Structure formats: C-alpha cells, structure tokens
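J.: Pasting a structure below so you can have a look.
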Amino acid sequence: MRAFTYERAESPAAAAAAVARNPEARFIAGGTNLLDLMKLEIEAPRHLVDVNRLGLDRIEETPEGGLRIGALVRNTDLAADPRVRRDYAVLSRALVAGASGQLRNKATTAGNLLQRTRCPYFYDPAMPCNKRRPGSGCGAIGGFSRNLGILGTSEHCIATHPSDMAVAMRALDAVVETIDAEGAARRIPIADFHTLPGDTPEIETVLRHGEFITAVTLPPPAGGIHLYRKVRDRASYAFASVSVAAVVHPGQGASGGGIASARLAFGGVAHKPWRVAEAEDRLADGGDAEAAAEAVLRGARPTGQNAYKLPLLRRTLAGVLAQARQGRGEDR
Amino acid sequence: MKFDTPAGPNPSDRGRVLGQPRDRIDGPLKVSGRAPYAYEYHAEAPGAAYGWILGASIGKGRIARIDRRAAEAAPGVLLVLTHENAPEQGEDSDYAAPQLQGPEILHYGQAVALVVAESLEEARAAAALIDIAYDAAPGHYDLAEERDQAKLPESGQTPPRTDVGDFETGYARAPVTLDVTYTTPDQSQAMMEPHASMALWEGDTLTLFTSHQIMHWAQEGVAATLRMPQEKLRVVSRYVGGGFGSKLEVYADAVLSALAARLLGRPVKVALSRPLIFNHTTHRAATIQRLRIGTEQDGRIVAIAHESWSGDQESGGTAEEASSQTRLLYAGENRMTRNRLATLDLPFAGSMRAPGEAVGLLALECAMDELAEKLGMDPIELRVRNDVGYAPEEGPAKPFSSRKLVESLRVGAERFGWEKRTAPGLRREGRWRIGLGVAAAVRPNLAQPSQARLRLDGQGQLTVETQMTDIGTGSYTILAQVAAEMLGLPLEAVTVRLGDTDFPKASGSGGSWGANSSGAGVYAAAAELRGMIARKAGFNADDAVFEDGGIRAGNRRIALADIAGAEGLVAEAGIEFGDLSEKYAQASFGAHFCEVAVDADTAEIRIRRMLSVAAAGRVLNPKTARSQCLGGMTMGIGAALMEEAVVDRRHGLFINHDLAEYQVPVHADIPHMDVIFLQEEDDKSSPIKAKGIGELGICGVGAAVANAVYNATGVRLRDYPLTLDKLLREMPAAAA
C-alpha cells in the first residue's frame with residue numbers, strides 16, 4: 002500500500018472539487034473494495050476524500066412517486082427498507098444475494114455501482130491485465146476464464162461487473178445522479194452508466210474524474226412479480242455465474258405466452274448489467290423463454306471454459322419465467 | 080512406557096472425566112482474542128520489525144537480474160534480502176528449507192526477496208519496488224500430459240505398489256467388471272491462520288514463535304537450515320489456527336524472519352500473504368485414478384485394481400497415495416495398486432487432511448456405487464458382502480484390531496432413512512431433484528512416540544507440559560482430561576501447556592495420531608506420577624485409588640496436595656509403540672450418508688442433510704471429536720462440490736489464489752449434520768484405547784455427496800469438483 006493523504010469532505014460539491022483537482026485522488030465510502038485493491042497496489046491513490054458524512058444516507062420519496070436513494074445508503078439498509086421491499090423487491094433480493102452481512106453493512110449504494118471486476122488476472126499484479134495495466138494484454142483470454150464474460154467482451158478484456166444490485170437497478174431503470182466540481186448536476190440512466198471494455202477496459206463508467214455520485218433514483222413502482230435468481234458455485238459469498246433480475250407481469254399478453262410484459266437484466270455475463278429490449282418484446286409478443294434467451298445471447302463470444310453460461314442463462318431464465326407465470330414472487 | 084501388549088483395564092477406563100463432553104479449555108481465550116497466534120507474541124518479542132516476502136512470478140527459470148536499490152531506499156525499510164545478499168544456509172533436505180540461495184526458480188511463489196521495514200505497509204510497498212527480470216523456461220504443469228512419463232516413486236508413506244494374487248487374470252475371468260477413471264484437482268489446505276513466524280535472538284539463542292503442527296520437526300528443519308545446534312533453538316506454537324497438513328513443513332516465513340532478526344539485531348515477524356500461501360506452500364496434488372473391479376454375480380469381489388497418478392517437483396517426490404485405502408477396505412483375492420508420480424513444475428505437493436485416502440475414496444467409493452448399480456444391488460449390501468476381518472493384502476494372519484464398518488453402515492442406514500432412497504432421477508420436490516448417497520470411510524491408525532511432564536504442586540494443582548500442539552482440534556482439553564482421569568482430579572485442577580520445544584518431545588499433530596499418541600504419552604507420565612505418589616504416601620500402587628483429589632486405599636485417604644508438599648512432585652515419561660501395529664491392522668472406520676438437492680434448471684447442488692457414523696476407538700471427548708467430524712464433513716463437501724486450485728498452464732501458478740476465488744463451503748452450504756460414534760475401545764491402539772478421528776471425518780464424504788448427486792440426477796460425474804457447468808452438460812433441462 003502506498004502512502005496517501007486523507008481529508009473528509011464537507012459537502013458533495015467540495016468532495017467533487019477535492020478529487021477533481023488531484024488526478025491521483027479517489028473517493029472513499031465503505032472501502033470494501035478500494036482498500037483491498039490498495040493493499041495489492043492495483044489502486045494506488047495518493048489522496049483519499051472521505052464522503053461518509055455528507056448526509057447522503059437517506060432514502061426519500063420523489064415527487065413522481067419513486068425513490069431517491071442517497072449514495073451513501075448502506076446495502077443492508079437499502080435491502081431492508083420497507084418501501085424497497087414492498088415496491089422494488091427485486092432490488093432487495095439482489096442486495097441480499099451479494100457479498101456477506103458484514104460487507105453489506107459497510108458497502109454503499111454508489112460504491113456498489115463502482116466496484117471493480119473480480120477477474121483473477123486483474124487481482125494478480127504479476128499477471129497481464131489491460132484493465133489494471135493498459136497494454137499489458139489480457140491474462141484471462143486463454144487462461145482461467147470460467148466465471149468471466151460472454152457478452153459485450155472485446156479482444157482486450159472479458160471481465161464482468163460483479164454487482165448484483167446494479168443488475169436489479171438495470172431492470173428497474175434506475176438513474177444515477179451526480180455532481181461535478183463546478184456543482185453541475187447530471188442524471189445518467191443506468192443503461193448508460195457502465196461502459197463496455199472495447200479497447201479501453203480501464204474505463205468502466207461514464208463518470209469523469211471528480212464527478213461524484215449523490216444518489217440513485219428509482220422510477221415509480223412498476224408492480225409485477227419481482228425475482229432475482231443468482232446462480233453460483235456455493236450458496237453464499239460467491240459472485241454470480243449467471244444472475245437474472247426479473248420484473249414480470251403475468252397475463253395473457255399479446256398472443257397468450259403467459260407474460261404480459263417483462264423486464265429482464267442479467268449479471269455475471271458482461272462488463273455491465275445486460276439488458277436486451279428485443280428479448281422483452283419477444284416475451285410480450287408471446288415468445289417463450291428460449292426465444293427471449295436467444296435475443297439476450299445474440300453475439301455472445303464465450304471462451305471454452307465459460308461456454309456453459311449460455312445454456313445456464315437459457316435454463317435460468319426459463320426457470321425464472323416459469324416461476325413468474327405461477328405468480329410466485331417468493332423463491333422456493 | 081513401551082506399548083507392546085494389548086491394554087488391559089486401567090485407570091483411564093473410569094469415564095469420570097475422560098470420555099465426557101467437556102468444553103474446550105482454550106475456548107474462552109480464543110473467542111475473546113486472547114490466545115496468541117504466531118504473529119502475536121508482542122510481549123515476548125517486543126518492537127518487532129515487519130517482513131514481507133516477494134514470491135517468484137514465473138513457474139520455472141531463473142532470475143536474470145534483481146535490483147533492490149529502490150526498495151532499500153523506500154521509507155521505513157530496514158533490510159532487503161535477495162539471493163545476492165542472503166546468508167548462506169544448510170543444504171536443502173526433507174527438513175531444511177533454505178531460502179534465497181540462488182537465481183534458479185523451481186516454482187511460482189518461491190521466495191525471491193524479503194523486505195523488512197518498520198511497518199507492514201512500508202515493507203509491502205517496498206517489495207513492489209524490487210525490479211526483477213526473469214529468464215523464464217518452459218515448464219510442465221499438466222498432469223494429464225505427463226501421465227505417461229510417471230514412475231513409481233522410490234519411497235513414500237506407503238509402498239508405491241502392491242500385488243496380491245493375479246489381478247489381470249482374475250479381472251479377465253470376472254463375470255461383472257467395472258473400469259472407470261476419476262480425476263481430482265489440486266487443493267489448498269486453506270486453514271484460517273496464515274503461516275507466520277516471529278524471531279527473537281538472545282545472543283546465539285533463537286526463539287522462533289511460529290505456526291507448526293509438529294514442534295520437533297520445526298526445530299530440526301529450522302536448525303538444519305540455519306546450521307545451528309537444535310538446543311540453541313526454541314520453537315513455540317502455543318496456538319495454531321488450523322494446519323490440515325500445510326504446517327508440517329518449514330517455509331520462508333520461519334527461515335527469513337530468523338535470518339533478518341539476526342542481521343538486524345531486533346525481532347522480526349513475517350506472515351505469508353494469502354495469495355503467496357497458495358503458491359509458496361504445499362498443496363494436495365491433483366490425481367488421475369483408474370479403478371478396475373471384477374465381481375461374481377453376487378457382488379463378491381474377485382479382482383480389484385486401483386492405480387493413481389499425481390505430480391510433484393523432481394526434488395519433492397511426494398505422491399498423493401490415492402490407492403492406499405484400497406489395500407484395506409474390501410475383500411478380494413486378486414489385487415493390484417499403484418501410486419505413480421510424474422514430475423511437474425508446480426509448487427511442491429504435500430500433505431492435506433487424510434493424504435491419499437481423502438481423494439482415493441472419492442474414486443473408490445463412487446466406483447463401488449457404480450458397481451452396485453451394475454449388479455442391481457443396494458450399495459450398502461455390496462459393501463457388506465465384501466467386508467473382511469483382516470488386512471486383505473496380508474490375509475487372516477493380520478486381523479484388524481477392530482473394524483466396525485458394517486455396523487457403521489447399518490446404524491447409519493437406519494438413522495438416515497436409507498430405505499427412502501429411490502432409483503436415480505425419480506425424486507422431485509418443486510424445482511429440486513433429491514438424491515441420497517452413501518460411502519464407507521477408512522483411515523489407518525498411526526501412532527508416534529510421545530512424552531510428557533507432569534508437575535503436581537502443594538495446592539493439588541497439576542501441570543501437564545508436552546511439545547504436543549493444538550491445531551484447533553482440542554488437544555489442550557483432552558490431555559487435561561487424560562491427566563485428570565488418571566489422577567482423580569477435577570478438570571479444573573489441571574493446567575496444560577503445549578507447543579514449546581522446552582517441553583518433552585511429543586507426537587505433534589499429523590496423520591490423526593495426535594490425540595491417541597500424545598494422550599498415551601500423558602497416560603505414561605501420569606502412571607509414573609501415580610507410582611511416585613503411592614510410594615511417597617506409603618501405599619501399594621496397585622491397591623490405591625485416585626479420586627477426589629486424593630489417594631485412597633481401604634479407609635486410608637490422603638490429599639494429593641499434602642503428598643506433593645511444598646517442593647511438589649514431577650514425573651516425566653512417554654509412550655513408545657511396539658509391534659502391535661504389525662500384528663494387527665489398525666484403522667478407524669465409518670460411513671457417511673448424504674442427501675442433496677439439485678436445481679433442475681441450473682444444476683446447482685446443495686446439501687440438505689448429512690450423517691456420519693464413526694468407529695474410532697474410545698472417544699476421548701465427544702464434543703471435540705464431533706467438531707472434528709463436522710469439520711471433516713464440511714471439508715469433504717468442499718472437495719466434492721467446489722474446491723479446486725486452478726492451474727494456469729501458461730504461467731505455472733494456482734491462479735485463484737485467494738479465499739474469494741478458491742471456494743470452500745460457507746455456512747449457507749452446510750445444513751443439518753449429525754455424527755454418531757459407535758462404542759469401541761481398541762486395546763491394541765494404546766493404553767487409552769483411542770484411534771484417530773480428525774481425518775476419518777473427511778474420508779469418503781465427497782463420494783457420498785457424488786453418489787447422492789447421481790441418485791438425484793442420474794448423471795455420473797467422474798471429474799471433481801462436481802460443479803454446475805459439468806452437471807449442466809449432462810442433465811436435461813427441466814420440463815417447463
């Protein structure tokens with residue numbers, strides 16, 4: 002760990018300004034990911050700006066009937082909020098499927114969106130990784146790639162985004178609110194928030210240096226059956242092989258497929274939560290899970306080790322939709 | 080005390096303290112953080128500087144250039160050692176572990192530098208500044224590719240080959256045959272406490288606080304490496320946070336902390352980082368195992384062969400002896416076993432909980448399940464039909480000292496509800512496919528000489544001192560129980576001091592021999608002390624009864640405190656084991672039962688319940704013994720379902736080198752578990768009639784899981800771990 006200086010910000014704008022003026026500064030909130038990365042010198046900030054005490058830890062109702070979740074709301078508190086549990090159950094379920102109780106007590110909403118990949122080559126400073134050291138190559142391609150991405154990957158990076166929360170937020174059409182050093186606010190739909198690796202895998206979001214997340218807003222409740230199915234190698238404390246966040250309105254739909262409408266987002270498969278409008282359209286048009294999965298998986302480029310994620314995603318989606326058709330939100 | 084005739088009735092039989100489910104003596108210290116582990120002897124080695132070890136980042140080759148100047152100039156740095164400036168050390172051997180002795184790199188994670196600084200953070204940051212250029216050489220990292228070059232090793236824990244009768248002919252003539260190959264991956268012991276050491280020099284005397292399972296092995300290894308007399312080296316491991324075989328050897332933390340402390344003239348502490356542990360220390364080697372079993376139509380085995388292949392460094396020579404249990408478990412007149420060894424350039428292979436049996440049974444006990452199905456027999460009946468009362472390779476002249484395999488299977492079947500098992504793939508609950516599985520367990524009973532010193536003081540308090548270690552198993556408690564039972568004292572009157580080479584040499588913890596061997600050592604010292612007490616009190620030792628803190632014969636009773644007097648009484652003695660293990664085959668036996676649920680959509684496997692039945696001689700403390708079994712079952716579930724140290728064959732390392740990526744079961748993976756101990760006292764094992772249990776708990780568990788997965792799904796996977804990607808390929812999608 003390299004030596005660093007530390008300050009506690011007095012306001013969101015001051016926090017943004019403090020980071021903006023120092024190219025080697027980072028925000029620190031829960032620190033559940035950043036501190037680990039600093040120990041390995043994968044992140045080596047010279048300056049940390051603590052944003053924990055800015056009063057951004059509240060969940061408020063918006064005039065439109067949605068929720069505005071402060072950037073510093075802890076994952077535990079967000080998952081337990083009665084309004085979230087009632088109206089956005091997919092988000093509660095995704096949150097409690099992630100990490101461990103101790104980590105969720107500390108991890109924040111904004112930090113969760115900004116956590117970095119758990120690709121083993123990113124985590125080993127002796128290995129090549131274009132995300133950690135641009136231009137050094139991708140160790141995962143041709144290496145241990147069993148749990149890495151199949152969609153939206155590039156020849157430079159096949160990392161996945163590890164968040165469960167973000168997958169649910171993608172299904173809910175959340176909006177990320179930010180403020181910059183000049184105090185200017187920006188609203189970024191979550192669909193546009195995370196980027197694909199392309200030839201700049203070191204860039205993971207559209208945030209500019211110093212741009213500070215203040216909140217995530219959820220639109221008014223969409224109703225429906227909320228499911229989050231996370232498939233993994235052990236029952237807890239593991240990243241998703243594949244996850245599905247689903248908000249489904251069962252019904253006859255346009256042509257009797259049993260689903261009137263569905264929003265589906267997928268985790269564990271790409272550099273960002275994955276959502277394909279055509280898949281949802283197909284379901285609304287009476288298509289089955291297989292047809293929807295085909296649309297989701299179009300363009301997939303698996304490795305030999307992670308090709309299993311294709312049938313796994315198809316089957317997981319089929320299971321989730323079967324459950325939704327039965328009108329069951331509860332997992333069994 | 081020489082143990083060479085079966086034990087008769089003796090004072091350890093009384094069952095007042097020994098055999099009772101007592102709480103761990105060290106429990107409160109541990110849960111309140113007051114039990115010092117190797118990195119935490121702050122009071123005894125104050126002001127320690129912090130060392131950080133840098134491991135090689137190639138799998139094979141040599142260091143072309145190493146520049147330590149930037150690290151030496153970094154803030155807080157006190158010392159940087161590389162092969163260019165490290166002190167000369169003893170020759171590499173089974174014990175010695177010289178570090179930084181040249182530019183040659185044998186394996187990824189081999190130590191290439193030590194940085195010592197005022198703080199851990201400074202040492203770690205400076206280590207990143209060491210500039211190294213390597214000449215990498217091509218290495219061999221794939222067991223399957225090297226399989227055909229494998230040879231029988233010259234030596235091992237057990238013979239590399241055995242032949243009885245004529246396997247090939249017997250197999251060729253058998254009406255029913257099975258020929259299957261199983262594979263198991265590399266595994267890491269993944270104990271909680273990392274390998275760590277604190278070194279304190281006082282003149283030419285070194286005290287090394289470290290984390291080791293066997294004190295005198297550590298002492299021999301470190302002394303040989305540092306080329307110093309053993310009597311100048313004191314090794315202390317009062318508490319060890321798990322070992323599982325990983326802490327049977329000396330690594331860079333011990334050697335380099337000692338060298339740096341001597342150079343700097345102040346204590347130095349070094350712990351291995353978790354990523355380094357995976358590649359610097361030993362692991363359980365991957366295996367390929369071929370089983371061939373031929374039977375009569377009634378299931379009676381007429382020919383059985385178990386061949387195993389594993390790999391190690393050329394200078395390591397450790398084979399994973401996966402065929403070993405097949406020599407003990409089932410009858411059959413024509414037999415053949417092989418434990419072959421290939422040369423690989425991966426980190427050194429070594430012991431991990433039940434080396435040999437743990438992975439050997441993953442193959443053998445699934446093969447038995449496959450065979451039962453082929454024969455149309457219940458898997459329990461097939462095992463019962465092939466039960467044998469003597470070592471099957473040696474014949475009736477070498478009977479088992481005790482063997483309750485059939486009883487384990489029968490009791491377990493009844494308690495677990497085995498009769499509810501259906502044909503494969505039939506039972507369904509919601510989206511889950513349900514299956515039951517069974518496997519037999521066996522682990523040879525090993526013994527080592529062990530000594531102890533008992534000190535009785537004028538307050539009637541007894542202190543037990545021995546080099547024995549407690550690696551989380553309960554040694555403190557059971558040794559106190561042995562001593563208390565022998566001397567008629569309450570447990571509270573006994574203090575046990577362990578893990579210090581200043582104490583009498585003991586068995587240490589390895590091979591499941593610790594409890595029985597060191598317990599017998601304490602028994603021997605207690606017998607000596609009883610004699611001293613009786614003589615001093617003028618009693619005939621054979622008539623005297625030790626109870627309630629006193630000695631009594633007829634109506635005469637004297638308190639032990641009064642006999643000990645102000646100067647106290649000290650007895651030192653030990654146990655040595657004679658040839659009973661040659662006259663009798665000795666092993667612990669058991670059976671594991673498992674119920675799994677498999678997600679019909681995703682092929683996720685979850686354990687629903689599990690039962691182990693164990694017959695392992697006298698159970699010294701049912702609570703700590705049960706914990707050993709639960710831990711073994713948990714580890715067995717890990718081996719079956721998730722544990723794999725993944726080899727990157729381009730770079731020659733275990734790439735998933737942390738506890739997020741190397742997955743072991745978490746609480747949510749472990750459902751209801753039961754353990755039943757069968758009543759058994761093995762009078763040929765030791766005076767206290769116990770046998771090993773720590774490894775029995777893992778032996779066969781994974782096979783029971785795999786057999787349950789087969790029963791749930793109808794899919795037989797032969798490549799461990801049984802992850803969902805493998806199962807998904809074979810398991811049809813559920814009907815929508």
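Protein sequence lines, in the order shown, are assigned to chains A and B.
Each residue of the first sequence is one higher than the one before, starting from 2 at the first, in the working numbering.
Each residue of the second sequence is one higher than the one before, starting from 80 at the first, in the working numbering.
In this text, a Cβ means the ideal position worked out from N, Cα and C, and glycines have one as well.
Keep in mind the model is a prediction, meaning the values are calculated, not measured.
Going along the stretch 217-251 of chain A in order, which residues come within less than 9 Å of chain B, judged by CB to CB distance?
T.: Arg230, Val232, Arg233, Asp234, Arg235, Ala236, Ser237, Tyr238, Ala239, Phe240, Ser242 and Val243
J.: Could you tell me which of Gly539(B), Gln530(B), Asp536(B) and Gly537(B) sits nearest to Leu558(B), measuring between CA atoms?
T.: Gln530(B)
J.: Should Ala319(A) go down as buried or exposed, given a rule of 16 or more other Cβ atoms within 10 Å for buried?
T.: buried
J.: Can you give me, in chain order, the residues of the stretch 191-219 of chain B that have a beta carbon less than 7 Å from any beta carbon in chain A?
T.: Glu200, Arg203, Ala204 and Ala207
J.: Work out the CA separation of Leu49(A) and Ala196(B) for me, nearest whole Å.
T.: 24 Å
J.: Residues of the stretch 127-149 of chain B with a CB closer than 7 Å to any CB of chain A: list them in chain order, please.
T.: Ser136
J.: Applying the 10 Å Cβ sphere with the 16-neighbour rule, what's the burial state of Glu156(A)?
T.: exposed
J.: The stretch 137-152 of chain A: which residues have C-beta closer than 9 Å to a C-beta of chain B, in chain order?
T.: Gly140, Gly143, Gly144, Phe145, Arg147 and Asn148
J.: Between which two residues does the beta strand (DSSP E) carrying Asn23(A) extend?
T.: Note, Asn23(A): premise wrong, no beta strand (DSSP E); not H, not E.
J.: Identify whether His121(B) lies in helix, strand or coil by the three-state DSSP scheme.
T.: coil
J.: Under the rule that 16 or more other beta-carbon atoms within 10 Å means buried, what is Gln368(B), buried or exposed?
T.: Under this definition Gln368(B) is a buried residue.
J.: Counting only Cβ pairs nearer than 8 Å, list the residues of chain A close to Arg685(B).
T.: Ala236
J.: So that I know if they touch, is there some Cβ in chain B lying closer than 8 Å to that of Arg27(A)?
T.: no
J.: Using beta carbons (cut-off 8 Å, strictly below), is Ala14(A) in contact with chain B?
T.: No - not a single Cβ of chain B is within 8 Å of the one on Ala14(A).
J.: For Phe672(B), write down the residues that DSSP places opposite it in a beta bridge.
T.: Val517(B) and Leu690(B)
J.: What is the DSSP secondary structure of Ala445(B), reduced to helix, strand or coil?
T.: Here residue 445(B) is Cys; the residue named in the question, Ala, does not match the sequence. Helix at Cys445(B).
J.: Mind checking whether Val297(A) and Val321(A) have CB atoms under 8 Å apart?
T.: no
J.: Against chain A, with Cβ distances strictly below 8 Å, would Gln742(B) count as a contact?
T.: The beta carbon of Gln742(B) sits closer than 8 Å to some beta carbon of chain A.
J.: Roughly how many whole angstroms lie between the Cα atoms of Ala449(B) and His227(A)?
T.: Position check: residue 449(B) holds Glu in this sequence, whereas Ala was assumed. Rounded to the nearest angstrom, the two C-alpha atoms are 43 Å apart.
J.: List the whole-angstrom C-beta distance separating Thr703(B) from Thr552(B), where the pair is believed to meet the contact cut-off of C-beta under 8 Å.
T.: 7 Å
J.: Does any residue of chain A bring its CB to less than 8 Å from the CB of Arg729(B)?
T.: yes
J.: Cβ closer than 7 Å: which chain B residues qualify as neighbours of Ala127(A)?
T.: Ser136
J.: Residues in the stretch 693-725 of chain B with C-beta within 8 Å of chain A's C-beta atoms, listed in sequence order?
T.: Leu720, Met721 and Val725
J.: Is it buried or exposed for Glu436(B), if we count other Cβ within 10 angstroms and need 16 for buried?
T.: With 16 or more other Cβ atoms inside 10 Å of its own Cβ, Glu436(B) counts as buried.
J.: If you check the beta carbons only, do Phe288(B) and Met277(B) fall under 8 Å apart?
T.: yes
J.: Taking buried to mean at least 16 other C-beta atoms within 10 Å of its own C-beta, is Lys311(B) buried or exposed?
T.: exposed
J.: Interface residues of chain A around Arg510(B) at Cβ under 9 Å?
T.: Gly320, Ala323, Gln324 and Arg333
J.: Locate the alpha helix (DSSP H) running through Glu651(B), then write down its first and last residues.
T.: Counting along the chain, Glu651(B) falls outside any alpha helix (DSSP H), though it belongs to the beta strand (DSSP E) covering Leu648 to Phe656.
J.: Quick one: what does DSSP say Cys708(B) is sitting in, helix, strand or coil?
T.: helix
J.: Can you find the residues in the same chain that come closer than 8 Å, C-beta to C-beta, to Ala815(B), ignoring five residues on each side of it along the sequence?
T.: Note on Ala815(B): pLDDT 43, under 50, position unreliable in the model; no value is reported.
J.: Return no unless some Cβ of chain A is closer than 8 Å to the Cβ of Thr545(B).
T.: Chain A, which has no Cβ nearer than 8 Å to the Cβ of Thr545(B), makes this no.
J.: If you compare alpha carbons, which of Val217(A), Val248(A) and Arg264(A) is closest to Asp58(A)?
T.: Val217(A)
J.: Helix, strand or coil for Gln178(B)? Go by DSSP, reduced to three states.
T.: coil
J.: What three-state label does DSSP hand Gly453(B) in the structure shown?
T.: Looking at the sequence shown, residue 453(B) is not Gly but Lys. Of the three classes helix, strand and coil, the one that applies to Lys453(B) here is helix, per DSSP.
J.: For Gly696(B), does the three-state DSSP call read helix, strand or coil?
T.: DSSP, read as helix, strand or coil, puts Gly696(B) in strand.
J.: Quick one: which residues of the stretch 351-369 of chain B get their C-beta closer than 8 Å to a C-beta of chain A? List them in chain order.
T.: Pro354
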